[in-house]
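Visitor: Once you've had a glance at the structure underneath, I'll fire off some questions.
Number of protein chains: 4
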Amino acid sequence: MVQDQNRPDEKGTFREWLYITVFQSSTVAGKIFDIGLSVLILSNIILLMLESVPSISAKYEPAFQKFDVFFLVIFSGEYLLRLYCVRSAKKYAASFYGVIDLMAILPSYMEFLYPQWHVFMIVRCFRLLRIFRIFRMVRFLDESRILMLALIRGFRKILVFLFFVLLLAIFLGSLMYVVEFQKNSGFNTIPQSIYWAIVTITTVGYGDVAPVTATGKVIASFIMILGYAIIAVPTGILSASVIQEEKRNQGRRCPQCQVAGHDKEAIYCKNCGSKLSEQ
Amino acid sequence: MVQDQNRPDEKGTFREWLYITVFQSSTVAGKIFDIGLSVLILSNIILLMLESVPSISAKYEPAFQKFDVFFLVIFSGEYLLRLYCVRSAKKYAASFYGVIDLMAILPSYMEFLYPQWHVFMIVRCFRLLRIFRIFRMVRFLDESRILMLALIRGFRKILVFLFFVLLLAIFLGSLMYVVEFQKNSGFNTIPQSIYWAIVTITTVGYGDVAPVTATGKVIASFIMILGYAIIAVPTGILSASVIQEEKRNQGRRCPQCQVAGHDKEAIYCKNCGSKLSEQ
Amino acid sequence: MVQDQNRPDEKGTFREWLYITVFQSSTVAGKIFDIGLSVLILSNIILLMLESVPSISAKYEPAFQKFDVFFLVIFSGEYLLRLYCVRSAKKYAASFYGVIDLMAILPSYMEFLYPQWHVFMIVRCFRLLRIFRIFRMVRFLDESRILMLALIRGFRKILVFLFFVLLLAIFLGSLMYVVEFQKNSGFNTIPQSIYWAIVTITTVGYGDVAPVTATGKVIASFIMILGYAIIAVPTGILSASVIQEEKRNQGRRCPQCQVAGHDKEAIYCKNCGSKLSEQ
Amino acid sequence: MVQDQNRPDEKGTFREWLYITVFQSSTVAGKIFDIGLSVLILSNIILLMLESVPSISAKYEPAFQKFDVFFLVIFSGEYLLRLYCVRSAKKYAASFYGVIDLMAILPSYMEFLYPQWHVFMIVRCFRLLRIFRIFRMVRFLDESRILMLALIRGFRKILVFLFFVLLLAIFLGSLMYVVEFQKNSGFNTIPQSIYWAIVTITTVGYGDVAPVTATGKVIASFIMILGYAIIAVPTGILSASVIQEEKRNQGRRCPQCQVAGHDKEAIYCKNCGSKLSEQ
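Chains as they are written, first to last, in the UniProt record's numbering: chain A, 1 to 279; chain B, 1 to 279; chain C, 1 to 279; chain D, 1 to 279.
Okay, here's the thing in structure tokens:
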């Protein structure tokens with residue numbers, strides 16, 4: 001974990017206690033901090049959503065402004081806290097979460113100069129990722145780990161597959177353009193036709209654009225059945241990946257971090273180093 | 001099974017016979033009772049549906065009212081019967097089915113005070129779950145058991161996945177809001193944009209809201225291909241779960257309750273306790 | 001095969017040769033007969049489709065009538081031929097294909113009495129099933145056999161699953177009816193709302209009916225994500241079934257009928273009886 | 001590889017060096033050539049797309065014409081180069097890529113005679129397939145190879161499945177025609193109804209055609225749930241295929257062409273013949 005490398009040297013100090021509280025969720029204080037922060041982020045997101053509804057924002061404008069200031073203070077304070085308690089502030093500021101935390105408060109400050117920046121506050125929804133920290137407590141970590149591994153294993157295959165789909169969409173879209181563009185305003189440009197092809201292959205099917213000519217409908221039917229069949233490809237790939245991960249993951253669970261798949265003779269958890277129970 | 005713990009002590013009495021008839025389907029009387037009840041519930045649901053069609057309800061209003069009274073009497077009687085024949089009426093009333101059975105008759109009584117409660121009668125469709133009791137007879141139990149186990153095993157993974165999807169929808173919806181809200185009334189609020197994002201990622205694609213700007217269409221295409229690819233994730237997870245369940249489920253079948261997966265040396269069914277046939 | 005039981009006793013006669021030609025595709029004459037018949041059925045179907053297009057039928061009305069008579073004569077002749085060359089005409093007439101063959105010619109005769117029966121001629125498309133006879137020749141039999149077995153194995157599980165989906169649709173549809181029916185004409189009856197729920201859970205999403213209230217959209221989003229997740233269930237079931245079938249199907253292929261999965265020590269094909277090659 | 005058979009005899013000449021550069025990507029020059037060509041093709045496709053947008057093409061008409069000439073010269077030169085450096089020009093011209101390369105430049109020449117041929121320039125998007133050459137460098141070859149094998153293994157099964165789906169669509173479409181054609185202009189012909197059935201079974205659901213009668217909606221619901229269930233079939237098939245391929249693919253990787261799955265005792269790569277590393 002990147003944080004541990006960034007843990008302050010001096011042991012037993014307030015700064016180290018702060019670090020453990022803010023960046024980890026192993027202690028009670030840490031758990032409380034994480035849950036409290038998640039609640040704040042969630043309520044902030046919900047407020048931003050409601051604010052975007054004209055009827056509501058018109059009614060409670062002043063309240064919303066107060067809340068914006070409140071959350072700005074809270075999140076700025078949290079950011080400074082994090083900068084303070086890590087060993088190297090630079091390293092944290094450059095880390096993934098560091099950038100997200102900064103992006104979350106930046107728009108509020110920019111807003112004083114450019115009001116239209118207000119809308120970008122929604123980038124805060126990225127902070128919801130922190131909620132995964134809590135999953136650790138409710139034993140979800142293992143599941144998401146397997147999922148991640150399966151996704152990573154299947155990733156390149158799925159990328160090749162998506163490239164194929166895109167190529168197919170470009171060609172079939174262009175074909176439909178040639179067939180329909182004189183009779184159907186929905187296919188009046190090639191990019192538009194490709195957009196339609198993607199809508200169709202992925203079986204989304206808005207219906208805002210639909211073929212009108214007989215030839216177009218025949219081609220469309222072919223595209224649909226094609227999309228219906230090839231959706232099986234990524235599924236097959238991921239099924240294989242997940243099954244392999246499952247196999248790899250049979251084994252003892254760590255009582256501390258719930259990670260499984262330790263070797264039979266392992267004594268300590270390979271993930272968090274805590275003692276494993278006998279089986 | 002919760003019912004068995006709730007079985008009256010005294011053996012061979014009418015009350016115990018009633019209990020077996022009403023709560024179990026092992027005896028002929030029990031089978032008849034279950035089938036009859038299912039038929040009544042089904043016909044009640046169908047009646048409620050027809051009643052909601054203005055043209056029909058206008059024509060047969062009196063008949064519908066008679067039927068409402070009829071079903072109210074029947075289901076109330078059944079509820080009292082259940083309360084009577086269990087050992088502890090409180091325990092049954094607090095059980096899952098007990099609550100459903102009460103909810104099924106409550107609206108009819110509330111209706112006398114507040115007519116608008118009439119519509120809530122539809123909660124009775126929950127009672128259709130009782131039909132699963134009948135599956136026991138037609139050997140469907142085993143299949144639904146494996147299904148359930150597979151779902152339970154895959155449940156947490158799927159929950160993590162759904163959380164990811166929701167997070168994705170929130171972010172992509174907000175993004176589309178920023179891109180489209182000035183040109184497209186369909187994206188005039190963030191919740192509305194998130195609704196659109198969910199409609200798109202899940203490949204439902206109503207088309208009541210669709211992007212109009214070029215940028216919006218590019219992002220939409222990206223979202224669709226994404227949704228098309230990630231639908232593979234829950235599928236992969238469940239395929240793995242089902243395959244594992246299948247493996248676990250190879251073995252002898254109980255001639256009584258059809259449950260399989262007994263240990264090689266088992267002599268009695270671990271589910272219903274009846275003697276297993278040799279292999 | 002049901003036909004073989006229906007094969008005439010006397011060997012080497014014209015009637016037996018006719019039987020082999022009409023009902024089997026092992027001989028050259030049989031292959032020619034099957035292919036010719038399939039071509040006729042296909043062209044008949046295409047004609048019926050074109051006839052349903054007003055602009056075309058208006059132009060070529062007389063030609064269509066001639067073709068109707070032509071195909072009536074052909075198919076009637078074929079039906080009589082089949083009745084003649086089987087051992088028991090009754091048994092054939094009662095068989096699956098016998099009924100389809102009769103249904104295919106019946107509407108044309110009824111048409112003389114009731115012209116509106118004309119439209120039912122389309123039941124002939126059922127006869128396309130005969131085309132599967134030809135797959136035998138092009139080595140598709142084995143694939144469709146595995147597919148069938150996988151479907152049969154997964155059938156009951158999928159039935160349970162579909163029952164769940166239906167139950168879900170009934171409940172969620174009723175819920176949406178309660179939420180939307182005052183503001184949205186698309187949800188003015190419960191059956192209509194259930195129809196919408198099915199359209200949504202299956203991710204078809206026509207968009208002819210869509211929620212308008214905020215509550216309705218939240219519930220709809222939930223339904224979509226649900227449908228998105230549970231589509232994984234039948235897929236997982238069938239993946240497991242197909243994989244098991246594949247395993248079962250490893251083994252020698254019959255050089256004659258391409259059926260695989262013979263026991264190691266088998267000498268003759270268990271399907272067509274021809275000699276198996278050594279491995 | 002077809003190209004190698006087409007490699008010129010004389011070694012070490014400029015012509016052979018040219019061949020290796022143009023047709024292979026093992027040398028640095030070859031890599032540069034492939035990447036450069038891919039960039040040119042991509043930019044050409046993007047230009048053709050933009051050109052199809054009336055507003056843009058009106059503004060930059062002269063620039064587009066200049067680019068058309070530029071790409072015509074480039075691609076014609078490349079085609080002549082390929083014709084020159086292969087051993088037998090005829091063999092290359094008849095090969096898959098040879099035909100595509102010709103098709104890519106033909107429309108530009110035809111345009112001088114028939115301007116309306118301009119639109120067919122889009123066939124150039126086929127040339128994007130050359131980009132797969134580059135995957136070789138970034139180790140994607142192996143993934144696409146497994147994918148291909150899985151697709152080929154599952155191909156015939158999927159074909160049988162698609163034939164079933166088509167048959168189903170024809171029958172259900174005709175059924176809906178019989179039910180709806182008098183009340184609903186969307187079902188006024190059988191082909192149109194079949195088009196609707198395909199749109200529904202594949203869960204695309206444009207909504208441009210939707211049932212209006214009660215019977216029609218019931219049948220439609222049935223079709224949707226059916227399509228929802230049978231989408232599992234191709235997925236199951238492909239999952240099985242991919243899993244088998246994965247199993248087959250465990251083994252050593254070739255350091256040169258990244259192909260895996262060599263026998264334990266293999267010394268040279270079975271694909272490109274280069275020495276394998278020990279394990």
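Beta carbons are placed, not taken as given, at the ideal position from N, Cα and C, and that holds for glycine.
Does the CB of D/GLY205 have a neighbour CB from chain B at under 9 Å?
Guide: The sequence position of residue 205 of chain D within the fourth sequence is 205, counting from 1. Chain B, which has a Cβ nearer than 9 Å to the Cβ of D/GLY205, makes this yes.
Visitor: In chain D, which residues lie with their C-beta within 8 Å of the C-beta of C/THR202?
Guide: The sequence position of residue 202 of chain C within the third sequence is 202, counting from 1. Under the 8 Å cutoff, chain D gives THR203, MET224, ILE225, GLY227, TYR228.
Visitor: Using beta carbons (cut-off 9 Å, strictly below), is D/ALA197 in contact with chain C?
Guide: The sequence position of residue 197 of chain D within the fourth sequence is 197, counting from 1. Taking Cβ atoms only, chain C never reaches closer than 9 Å to D/ALA197, which makes this a no.
Visitor: Using only CA atoms, which one of D/ARG130, D/ASN188, D/ILE231 lies nearest to D/THR200?
Guide: Numbered from 1 along the fourth sequence, position 200 holds the residue referred to as residue 200 of chain D. Nearest of D/ARG130, D/ASN188, D/ILE231 to D/THR200, Cα basis: D/ILE231.
Visitor: Where does B/ARG114 land, buried or exposed, given buried means 16+ other C-beta within 10 angstroms?
Guide: Position 114 of the second sequence holds residue 114 of chain B. The residue asked about is misnamed: residue 114 of chain B is Tyr in this sequence, not Arg. So B/TYR114 ends up on the exposed side.
Visitor: Can you give the Cα-Cα distance for D/THR235 and D/ILE158, rounded to whole angstroms?
Guide: Residue mapping note: residue 235 of chain D aligns to position 235 of the fourth sequence, counting from 1. Residue mapping note: residue 158 of chain D aligns to position 158 of the fourth sequence, counting from 1. Distance between the alpha carbons of D/THR235 and D/ILE158: 9 Å.
Visitor: Which one of B/LEU106, B/ILE131, B/ARG130 has the shortest CA to CA distance from B/MET121?
Guide: The sequence position of residue 121 of chain B within the second sequence is 121, counting from 1. That would be B/LEU106, whose Cα lies nearest to the Cα of B/MET121.
Visitor: Mark B/GLN65 as exposed unless 16 or more other C-beta atoms lie within 10 angstroms of its C-beta, in which case mark it buried.
Guide: Numbered from its first residue, the second sequence carries residue 65 of chain B at position 65. Answer is exposed; the Cβ neighbour count stays below 16.
Visitor: Decide if the region 217-224 of chain B is in contact with the region 165-183 of chain B; the criterion is three or more beta carbon pairs, one per stretch, under 8 Å apart.
Guide: Yes: at least three Cβ pairs fall under 8 Å.
Visitor: Are the Cβ atoms of A/LEU37 and A/ARG130 separated by less than 9 Å?
Guide: Against the first sequence, residue 37 of chain A aligns to sequence position 37. Against the first sequence, residue 130 of chain A aligns to sequence position 130. Cβ distance < 9 Å, so A/LEU37 and A/ARG130 count as in contact.
Visitor: Mind checking B/ALA58: buried by the 16 CB within 10 Å criterion, or exposed?
Guide: Numbered from 1 along the second sequence, position 58 holds the residue referred to as residue 58 of chain B. So B/ALA58 ends up on the exposed side.
Visitor: Which residues of chain A have a Cβ atom closer than 7 Å to the Cβ of B/ILE32, listed in chain order?
Guide: Taking the first residue of the second sequence as position 1, residue 32 of chain B is located at position 32. Under the 7 Å cutoff, chain A gives no residues; its nearest Cβ is about 44 Å from B/ILE32.
Visitor: Quick check on this structure: which residue in A/SER26, A/SER174, A/GLU51, A/VAL242 has the alpha carbon closest to the alpha carbon of D/LEU48?
Guide: For this step, residue 48 of chain D is matched to residue 48 along the fourth sequence. For the residues A/SER26, A/SER174, A/GLU51, A/VAL242, the minimum Cα distance to D/LEU48 belongs to A/SER174.
Visitor: Is D/MET137 close to chain C? Criterion is C-beta to C-beta, closer than 9 Å.
Guide: Start at 1 with the first residue of the fourth sequence, and residue 137 of chain D comes out as number 137. Reliability fails at D/MET137, whose pLDDT of 48 lies under 50, so the model's placement of it is uncertain and the value that follows must be treated cautiously. So, not an interface residue.
Visitor: Is it true that the region 202-210 of chain C meets the region 194-213 of chain D, where meeting means three or more beta-carbon pairs spaced less than 8 Å apart?
Guide: Touching, per the Cβ criterion.
Visitor: Would the beta-carbon of A/VAL28 be found less than 8 Å away from any heavy atom of the ligand FAD?
Guide: No copy of the ligand FAD appears in this structure; indeed no ligand is present at all.
Visitor: Here's the rule I'm using: 16 or more other beta-carbon atoms within 10 Å means buried, otherwise exposed. How should B/MET148 be labelled?
Guide: Looking up residue 148 of chain B in the second sequence gives position 148. Per the 10 Å Cβ criterion, exposed.
Visitor: Alpha carbons only, please: which of A/ALA229, A/PHE164, A/ALA240, A/GLY98 is nearest the one belonging to A/ASN6?
Guide: The residue given as residue 6 of chain A occupies position 6 in the first sequence. The shortest Cα separation from A/ASN6 among A/ALA229, A/PHE164, A/ALA240, A/GLY98 belongs to A/GLY98.
Visitor: Looking only at C-alpha atoms, which of B/HIS118, B/ILE56, B/LEU81, B/LEU151 sits nearest to B/PHE33?
Guide: Within the second sequence, residue 33 of chain B is the residue found at index 33, counting from 1. The residue with the shortest Cα to Cα distance from B/PHE33 is B/LEU81.
Visitor: In angstroms, rounded to a whole number, what distance separates the CA positions of C/LYS90 and D/VAL160?
Guide: As a position in the third sequence, residue 90 of chain C is number 90, starting the count at 1. As a position in the fourth sequence, residue 160 of chain D is number 160, starting the count at 1. The straight-line gap from Cα to Cα measures roughly 32 Å.
Visitor: Helix or strand or just coil, what does DSSP make of D/ALA93?
Guide: As a first step, residue 93 of chain D must be located in the fourth sequence, where it is residue number 93. Looking at D/ALA93 - three-state DSSP - the assignment turns out to be helix.
Visitor: Taking 9 Å as the CB-CB limit, is C/THR13 close to chain D?
Guide: The count along the third sequence starts at 1 and reaches residue 13 of chain C at position 13. Closer than 9 Å: no.
Visitor: Would you tell me roughly how many angstroms separate the C-alpha atoms of D/TRP196 and A/ALA210, rounded to the nearest one?
Guide: Along the fourth sequence, one-based indexing puts residue 196 of chain D at 196. Along the first sequence, one-based indexing puts residue 210 of chain A at 210. Taking the straight line joining both Cα atoms gives about 12 Å.
Visitor: Does the beta carbon of D/LEU83 sit closer than 9 Å to a beta carbon anywhere in chain A?
Guide: One-based indexing of the fourth sequence puts residue 83 of chain D at position 83. For D/LEU83, the answer is no, since every Cβ of chain A falls outside 9 Å of its Cβ.
Visitor: Please go through the same chain and pick out, in chain order, the residues whose beta-carbon is closer than 6 Å to the beta-carbon of A/ASP101, but skip the five residues on each side of it.
Guide: For the purposes of this step, residue 101 of chain A is taken as the residue at position 101 of the first sequence. So the list reads TYR79, once near-sequence residues are dropped.
Visitor: Classify A/ASN184 as helix, strand or coil using the three-state DSSP reduction.
Guide: Stepping through the first sequence from its first residue, residue 184 of chain A is reached at position 184. Coil.
Visitor: Quick one: does C/GLY154 have its CB under 9 Å from some CB of chain D?
Guide: Within the third sequence, the letter at position 154 stands for residue 154 of chain C. Yes, contact with chain D.
Visitor: Output needed for D/SER76: all residues of its chain with C-beta closer than 7 Å, excluding positions within five of it in sequence on either side, in chain order.
Guide: Against the fourth sequence, residue 76 of chain D aligns to sequence position 76. Hits under 7 Å: ILE105.
Visitor: When the Cα of D/GLU111 is compared with those of D/ARG127, D/CYS125, D/LEU72, which residue comes out closest?
Guide: Stepping through the fourth sequence from its first residue, residue 111 of chain D is reached at position 111. Closest by alpha carbon: D/LEU72.
Visitor: May I have the straight-line CA-CA distance separating A/CYS125 from A/SER25, to the nearest angstrom?
Guide: For the purposes of this step, residue 125 of chain A is taken as the residue at position 125 of the first sequence. For the purposes of this step, residue 25 of chain A is taken as the residue at position 25 of the first sequence. When rounded, the distance between both Cα atoms is 21 Å.
Visitor: If we define contact as Cβ-Cβ less than 9 Å, is residue 299 of chain D a contact residue for chain A?
Guide: Shown here, chain D extends from 1 to 279; a query on residue 299 of chain D therefore has no answer.
Visitor: Starting from the beta carbon of D/SER174, find every residue of chain C whose beta carbon is closer than 7 Å, and list them in chain order.
Guide: Taking the fourth sequence and counting its residues from 1, one reaches residue 174 of chain D at position 174. Per Cβ cutoff of 7 Å: ILE122, CYS125.
Visitor: Nearest chain C C-beta to A/THR213 closer than 9 Å, yes or no?
Guide: The count along the first sequence starts at 1 and reaches residue 213 of chain A at position 213. Answer no: the Cβ-Cβ gap between A/THR213 and chain C never drops below 9 Å.
Visitor: By the 10 Å Cβ neighbour count, where 16 or more other Cβ atoms means buried, how is D/TYR228 classified, buried or exposed?
Guide: Along the fourth sequence, one-based indexing puts residue 228 of chain D at 228. It is buried - the Cβ of D/TYR228 has at least 16 other Cβ atoms within 10 Å.
Visitor: Give the residues from the region 39-50 of chain C that approach chain D closer than 9 Å (Cβ to any Cβ), ordered along the chain.
Guide: Answer in chain order: ILE45, LEU48, MET49, LEU50.
Visitor: Enumerated in chain order, which unbroken segments of the alpha helix (DSSP H) with a length of 4 residues or greater are wholly contained in the region 11-84 of chain A?
Guide: Runs found: 14-23, 28-51.
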